[in-house]
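**Q** Residue numbers (the UniProt record's numbering): 1 to 717.
Every residue, glycine too, gets a C-beta built ideally from N, C-alpha and C.
First the structure, then my questions, so here it is.
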């Protein structure tokens, strides 16, 4: 029988399977230590896929190499130098180092943390083969000492990773955020004393006295016109310690709510964003990296021991190679690459740890001061961006037109390959996150926080609002009854889709439609006008600019929320309802309508919107279609017609405020773990809104104010 695999290929595989796997494993470790942190800074699907692939391959390749080293003992190639087997055994601890992974990534998803037990068992299953090789060659292995040192370093690294996964698992993370147990005043002792005094016929009574709140805070008073980098860092870490309990679904104390509101209501919007960025970065590093393990006393000790072990192993190997020439030159080169690579990885990890936010916070806690040495200040100022700063947008009208443009796209859609992954590639766009959009959202939420103050009922009303709270304002009295059914009489997903389509129709049928790519260039108004006509022109220009800006906000938030509803179903699961089915039904009706109107190109986007808006909708669609279809296309057209009755400035003012409520409703009602998961994929604007709402006190995760009354025993004479 003819062997389908030539002997030459078998020989090449036999010589290179271990060497190639080890070098590939080293390359993966270097790539991950340098680029793993990019996943918090990019929403690029290709980059995230590449990092995910390397993360999975790193373990697979290391396990493959350890297994082949173990099976190769006693089956060496006769042409190999005499001590090649001992050198292979010396390589096995490096693979334990690689299985320990870099500090920059322990988990790719939150679910990975829940598998810490599996990693613990995997530790045992990989250490045992390495230990077997160590014992097998103990007597005649001249590299036994450096092998032991590297074995020790590898075990430490693997334990670090397993412990980091354990600490980030949801049960343990929740446990770590709990307050210390508090039994309260000693009721049993008080009642015993009270009873004994009564039995002694002494005049005794119990009075209730007040006590100060044990959780106190110092009100924030600005000492500088702007927050310094150090103040941003310290405040972010302080609030991270308080609000991280939200991830474990725990409530925050009322005094902490007051402290947070007091601080954030005194910030400029960009300062608040900086604090939130650093706070979420702390959360990302706790959940997805080794930060908690590394920045601890045990972490410092273990890191010192493992690094010294690697350096000592290199020194011993250099001395040994000079004294004995019993290894192949290439294998010696591979060994040097592994040793130097291990030291390089440790050095990179060391510098990352020294210049990390955790180190700066630890140093300022141990030696409080308002200024830092130059190297620490540089570490804060020179930081890379902490999230992608992009907003993904998706548009129902554009999608319906583009899926019909050519047969390739139609095949992709009809075969189901377009679901989510292909749709993201073909139809989702990324827009740059702008500070003016953040200032608008921040201002709207601050106004609501000011209305709520310490009134939890009002705060809960705002938290539950999805467009209806803004309609309570007196200026919208005339429109409340006609617009409220599109908010309160339907589910959130249906409401969001209707307001999205209505926004799109109005945006594209207005003669003064702004260009989203160029509008920023027109944001300056000439302030040098002196006469009355020029002042009037200035006011008109300011009014037009306000309308254009609000249109831009509405368009971006509308497309962004549709992207989340359709493309991020896991994140939006708590509020999505039948959103995907409703979206698909709406698309089917839109395509049928476009076919009838002979609108067959994405270039006819404005015409499509105009035709939908102009189509007669005197009878409610549900009276014609019943509930057979969940399409909201012409319901949205009816909503757009109602909004068109307002003058332009009022229309876009109302729409922009409704969209902020729709965004904040989704942000507040999505699961906290869904927000946390997005931190490893570039982050989401919705997560920043969620955390800002929490800091403003606009959430249901606060404890009711506690009574601080205490009983006191009084004995009369």
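Which residue marks the beginning of the alpha helix (DSSP H) containing residue 333, and which one marks its end?
**A** Numbered from its first residue, the chain shown carries residue 333 at position 333. Here the alpha helix (DSSP H) through residue 333 covers 329-354.
**Q** Please state whether the Cβ-Cβ distance between residue 577 and residue 491 is less than 8 Å.
**A** Against the chain shown, residue 577 aligns to sequence position 577. Against the chain shown, residue 491 aligns to sequence position 491. Taking 8 Å as the Cβ cut-off, residue 577 and residue 491 qualify as a contacting pair.
**Q** Count the other CB atoms within 10 Å of the CB of residue 472; is the residue buried (16 or more) or exposed (fewer)?
**A** Counting from one through the chain shown, the residue named residue 472 turns up at place 472. Answer is exposed; the Cβ neighbour count stays below 16.
**Q** Looking at residue 165 and residue 112, is the spacing between their C-beta atoms short of 8 Å?
**A** Locating residue 112 in the chain shown gives position 112, counting from the first residue. Locating residue 165 in the chain shown gives position 165, counting from the first residue. Yes.
**Q** Taking the C-alpha atoms as reference points, what is the distance between residue 697 and residue 488?
**A** Here residue 697 refers to the residue found at position 697 of the chain shown. Here residue 488 refers to the residue found at position 488 of the chain shown. The straight-line gap from Cα to Cα measures roughly 24 Å.
**Q** Could you give the distance in angstroms between the alpha-carbon of residue 281 and the alpha-carbon of residue 233?
**A** In the chain shown, residue 281 corresponds to position 281, counting from 1. In the chain shown, residue 233 corresponds to position 233, counting from 1. If I take the Cα positions, the gap works out to 11 Å.
**Q** In the DSSP output, what is residue 432 paired with across the bridge?
**A** As a first step, residue 432 must be located in the chain shown, where it is residue number 432. Paired residue(s): 390.
**Q** What is the DSSP secondary structure of residue 12, reduced to helix, strand or coil?
**A** The residue you call residue 12 lines up with position 12 of the chain shown. In the structure shown, residue 12 sits in a helix (DSSP, three-state: H, G or I).
**Q** Three-state secondary structure (DSSP) at residue 702?
**A** For the purposes of this step, residue 702 is identified with residue 702 of the chain shown, where counting begins at 1. Reduced to three states, the DSSP call for residue 702 is strand.
**Q** Within a Cβ cutoff of 8 Å, which residues of the same chain sit near residue 522, ignoring the five residues on either side of it in sequence?
**A** In the chain shown, the residue the question calls residue 522 occupies position 522. Low confidence applies here, because residue 522 scores a pLDDT of 46, under 50, leaving its location unreliable and the question unanswered by this model.
**Q** May I ask you to list the residues that DSSP assigns as paired with residue 714?
**A** Working through the chain shown from its first residue, we reach residue 714 at position 714. Per DSSP, 205.
**Q** For a test of the three-state rule: what should DSSP assign to residue 252, helix, strand or coil?
**A** Translated into the one-based positions of the chain shown, residue 252 becomes position 252. DSSP places residue 252 in strand when its eight states are reduced to three.
**Q** Measuring alpha carbon to alpha carbon, tell me which residue in 701, 486, 554, 663 is nearest residue 637.
**A** Along the chain shown, one-based indexing puts residue 637 at 637. Checked all of 701, 486, 554, 663; the closest Cα to residue 637 is 486.
**Q** Measure the alpha-carbon distance for residue 250 versus residue 672 and round it to whole angstroms.
**A** If you number the chain shown from 1, residue 250 lands on position 250. If you number the chain shown from 1, residue 672 lands on position 672. When rounded, the distance between both Cα atoms is 10 Å.
**Q** Quick one: grab the DSSP three-state call for residue 586.
**A** One-based indexing of the chain shown puts residue 586 at position 586. Correct three-state label for residue 586: helix.
**Q** Going by other Cβ atoms of all chains shown within 10 Å of its Cβ, with 16 needed for buried, is residue 392 buried or exposed?
**A** Stepping through the chain shown from its first residue, residue 392 is reached at position 392. Per the 10 Å Cβ criterion, buried.
**Q** How long is the line joining the alpha carbons of residue 142 and residue 60, rounded to whole angstroms?
**A** Sequence index remark: in the chain shown, residue 142 carries index 142 (1-based). Sequence index remark: in the chain shown, residue 60 carries index 60 (1-based). In a straight line, the C-alpha of residue 142 is about 30 Å away from that of residue 60.
**Q** With respect to the alpha helix (DSSP H) encompassing residue 192, which residues constitute its N-terminal and C-terminal limits?
**A** The residue you call residue 192 lines up with position 192 of the chain shown. Element bounds for residue 192: 187-199.
**Q** Considering only the beta carbon of each residue, do residue 558 and residue 500 sit closer than 8 Å?
**A** Here residue 558 refers to the residue found at position 558 when the chain shown is read from its first residue. Here residue 500 refers to the residue found at position 500 when the chain shown is read from its first residue. Cβ atoms of residue 558 and residue 500: closer than 8 Å.
**Q** What three-state label does DSSP hand residue 400 in the structure shown?
**A** Indexing the chain shown from 1 puts residue 400 at position 400. Of the three classes helix, strand and coil, the one that applies to residue 400 here is helix, per DSSP.
**Q** Tell me the DSSP secondary structure of residue 642 in three-state form.
**A** As a position in the chain shown, residue 642 is number 642, starting the count at 1. Residue 642: helix per DSSP, three-state reduction.
**Q** Alpha helix (DSSP H) containing residue 578: first to last residue?
**A** In the chain shown, residue 578 corresponds to position 578, counting from 1. Counting along the chain, residue 578 falls outside any alpha helix (DSSP H), and DSSP gives it neither H nor E.
**Q** Identify whether residue 526 lies in helix, strand or coil by the three-state DSSP scheme.
**A** Here residue 526 corresponds to residue number 526 of the chain shown, with the count starting at 1. Because residue 526 carries a pLDDT of 42, less than 50, the predicted location of this residue cannot be relied on, and the following value inherits that uncertainty. Coil.
**Q** Could you check where the alpha helix (DSSP H) with residue 130 kicks off and where it finishes?
**A** Taking the chain shown and counting its residues from 1, the one referred to as residue 130 is at position 130. It spans 116-136 - the alpha helix (DSSP H) in which residue 130 sits, taken as one unbroken run.
**Q** Using CA atoms only, rank isn't needed, just tell me which of 67, 31, 398 is closest to residue 50.
**A** Counted from its first residue, the chain shown places residue 50 at position 50. For residue 50, the nearest C-alpha among the options comes from 31.
**Q** Once the 5 residues before and after residue 530 are set aside, which same chain residues still bring their CB inside 6 Å of it?
**A** Here residue 530 corresponds to residue number 530 of the chain shown, with the count starting at 1. Confidence at residue 530 is low in this model, with a pLDDT of 48, below 50, so the placement of that residue should be treated as unreliable; the coordinate-derived value is given next. So no residue of the chain qualifies.
**Q** Quick one: is residue 303 buried, meaning 16 or more other Cβ sit within 10 Å of its Cβ, or exposed?
**A** In the chain shown, residue 303 corresponds to position 303, counting from 1. Classification for residue 303: buried.
**Q** Just tell me which of 592, 355, 24 has its CA closest to the CA of residue 95.
**A** If you number the chain shown from 1, residue 95 lands on position 95. Closest option to residue 95, Cα to Cα, is 24.
**Q** From 575, 565, 635, pick the residue whose C-alpha is nearest to that of residue 589; which is it?
**A** Counting from 1 along the chain shown, the entry for residue 589 is found at position 589. Of 575, 565, 635, the residue nearest in Cα terms is 635.
**Q** Identify which residue in 197, 203, 662, 259 has its Cα closest to the Cα of residue 221.
**A** For the purposes of this step, residue 221 is identified with residue 221 of the chain shown, where counting begins at 1. It is 259.
**Q** Along the alpha helix (DSSP H) that carries residue 424, what are the first and last residues, could you check?
**A** Here the question's residue 424 lines up with position 424 in the chain shown. Segment 423-427, the alpha helix (DSSP H) holding residue 424.
**Q** Counting Cβ pairs, one atom from each stretch, are 3 or more of them under 8 Å apart for the region 107-126 and the region 163-181?
**A** The region 107-126, when compared against the region 163-181, does touch it at the 8 Å Cβ threshold.
**Q** Can you check which of these residues, 350, 85, 688, 463, is closest to residue 33 by C-alpha distance?
**A** If you number the chain shown from 1, residue 33 lands on position 33. Nearest C-alpha to residue 33: 350.
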